[in-house]
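Report on one structure; see the data block that follows.
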């Protein structure tokens with residue numbers, strides 16, 4: 278094996294572009310009715326998504342040109358910025374529906390939780406690659422616990438349980454591929470679970486979501502499942518869905534998969550799922566073929582974070598999981614998630630340029 282300069286993973290790039298096209302199409306179709314009622318313009322949400330898409334695409338292009346090893350050096354600073362943003366949103370942002378998740382600057386909304394996702398992946402990849410032997414004892418493992426508790430604790434205080442849960446899963450996955458001792462992972466899981474459970478028990482809307490989910494009486498999930506069922510095999514046709522007519526809450530964000538399934542049917546749903554599966558496989562291929570430990574862990578973390586976010590969103594829309602408010606990567610309406618995910622893809626594409634190729 279030797280490291281060779283190769284072209285970026287074009288297949289992964291094409292998958293992401295296809296998902297983005299699905300997103301624009303579904304955002305317009307699922308939001309047009311609500312946009313006319315509330316904004317007087319059926320294109321409102323679609324047009325608003327173009328800005329983040331352009332910015333995210335530009336940043337992804339830049340990230341794909343930057344040597345991924347730079348992120349290893351910047352990891353502590355990126356983590357610090359993410360933590361400061363999480364603190365800022367708790368202190369200075371105005372609550373919306375009793376939650377503080379957004380920083381608004383000149384009409385632009387930034388969700389620090391999305392920044393925290395990639396920040397902790399970069400930091401943990403850096404720490405594990407630099408301290409592979411140390412993390413096998415409790416002293417070396419302590420910084421991981423400390424940082425995780427700070428980030429997850431701040432997310433729970435917002436509260437943003439969906440993002441916190443995703444971050445928790447990403448940390449566990451990186452611990453696993455980073456060869457952290459199983460007993461340390463079990464300790465982490467137990468400690469973090471207690472934080473999440475306490476947070477949920479102290480938050481009325483979160484308790485209500487879980488109790489209604491267990492009783493099977495969740496209105497939005499019921500409407501979501503009805504939309505998926507109505508789609509059948511081939512769907513009712515683009516723009517013909519009924520659930521978006523104010524029956525299904527957040528048809529272009531939290532439940533966009535349901536909107537897509539209703540209008541494009543099982544065929545469209547399977548295509549989207551397969552695209553995410555291909556993304557996952559291409560990402561894992563990159564992670565397992567890059568020679569640098571940091572690059573490998575970073576590729577694993579980015580790939581898993583995006584894929585598990587998609588699975589959780591689809592799980593909620595299908596009634597398998599309680600509502601979490603997580604967007605469907607590259608498809609749901611929303612700027613912060615889209616920009617962060619596109620930057621993550623840019624980093625992944627840069628890693629893909631240098632792989633261990635058999636000669």
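Residue numbers (this note's numbering): 278 to 636.
Glycine is no exception: its CB is placed at the ideal position from the N, C-alpha and C atoms.
- The three-state secondary structure of residue 631, taken from DSSP, is strand.
- By DSSP's assignment, residue 381 forms a beta bridge with 386.
- When beta bridges are read from the DSSP output, residue 593 appears opposite no residue.
- Annotation for residue 372: no alpha helix (DSSP H) segment contains it, and DSSP assigns it neither H nor E.
- If you compare the alpha carbons of 553, 529, 618 and 546 with that of residue 322, the shortest gap goes to 529.
- Between residue 320 and residue 604, the alpha-carbon positions lie close to 20 Å from each other.
- Here residue 618 is buried, its C-beta having at least 16 other C-beta atoms within 10 Å.
- Distances from the alpha-carbon of residue 399 to those of 348, 431, 380 and 446 put 348 closest.
- Counting the other CB atoms within 10 Å of its CB gives residue 372 a total below 16, which places it among the exposed residues.
- Within the same chain, and ignoring the five residues on either side of residue 500 in sequence, the residues whose Cβ sits closer than 7 Å to its Cβ are 520, 524 and 525.
- The C-beta of residue 607 has 16 or more other C-beta atoms within 10 Å across all chains shown, which makes the residue buried.
- If you draw a straight line from the Cα of residue 309 to the Cα of residue 566, it is about 44 Å long.
- At a Cβ-Cβ threshold of 9 Å, residue 621 and residue 448 do not count as neighbours.
- Looking at the backbone, the Cα of residue 535 and that of residue 587 are separated by about 13 Å.
- Residues 396 and 400 of the same chain have their beta carbon placed closer than 6 Å to that of residue 356, with the five preceding and five following residues left out of the count.
- DSSP places residue 524 in no alpha helix (DSSP H); its state is neither H nor E.
- DSSP places residue 452 in the helix class (H, G or I) of the three-state scheme.
- Contact annotation: residue 370 and residue 377 have beta-carbon atoms nearer than 9 Å.
- By the neighbour-count criterion, in which a residue is buried when 16 or more other Cβ atoms sit within 10 angstroms of its Cβ, residue 324 is exposed.
- Secondary structure of residue 285 (DSSP, three-state): coil.
- In this structure, the beta-carbon distance from residue 564 to residue 454 falls below 9 Å.
- Between the stretch 621-632 and the stretch 570-580, the count of Cβ pairs shorter than 8 Å is three or higher; the stretches touch.
- Distance from the CA atom of residue 298 to the CA atom of residue 350, rounded to whole angstroms, is 34 Å.
- A check of alpha carbon separations from residue 456 across 577, 599, 287 and 290 identifies 577 as the nearest.
- Taking 9 Å as the cut-off, the beta carbon of residue 389 is found no closer than this to the beta carbon of residue 424.
- By the Cβ criterion, the stretch 504-512 is not in contact with the stretch 456-467, since fewer than three pairs of Cβ atoms, one from each stretch, lie closer than 8 Å.
- Shown here for residue 441: same chain residues with a beta carbon closer than 6 Å to its own, the five before and five after excluded, namely 429, 432 and 433 in chain order.
- If you look at residue 542, you'll find it in the alpha helix (DSSP H) that goes 533-566.
- Around the beta carbon of residue 599, a 10 Å sphere encloses 16 or more other beta carbons of the protein chains shown; the residue is thus reported as buried.
- Per DSSP, residue 325 is one residue of the alpha helix (DSSP H) stretching across 321-342.
- Of the candidates 467, 517 and 361, 517 places its Cα closest to the Cα of residue 303.
- Taking C-alpha positions only, residue 477 is separated from residue 360 by approximately 21 Å.
- Spatial neighbours of residue 306 in its own chain (CB-CB distance under 8 Å, excluding positions within 5 residues in sequence) are listed in chain order as 515, 516, 518, 521, 536 and 540.
- Of all alpha-carbon atoms in 594, 579, 313 and 296, the one lying nearest the alpha-carbon of residue 450 is that of 579.
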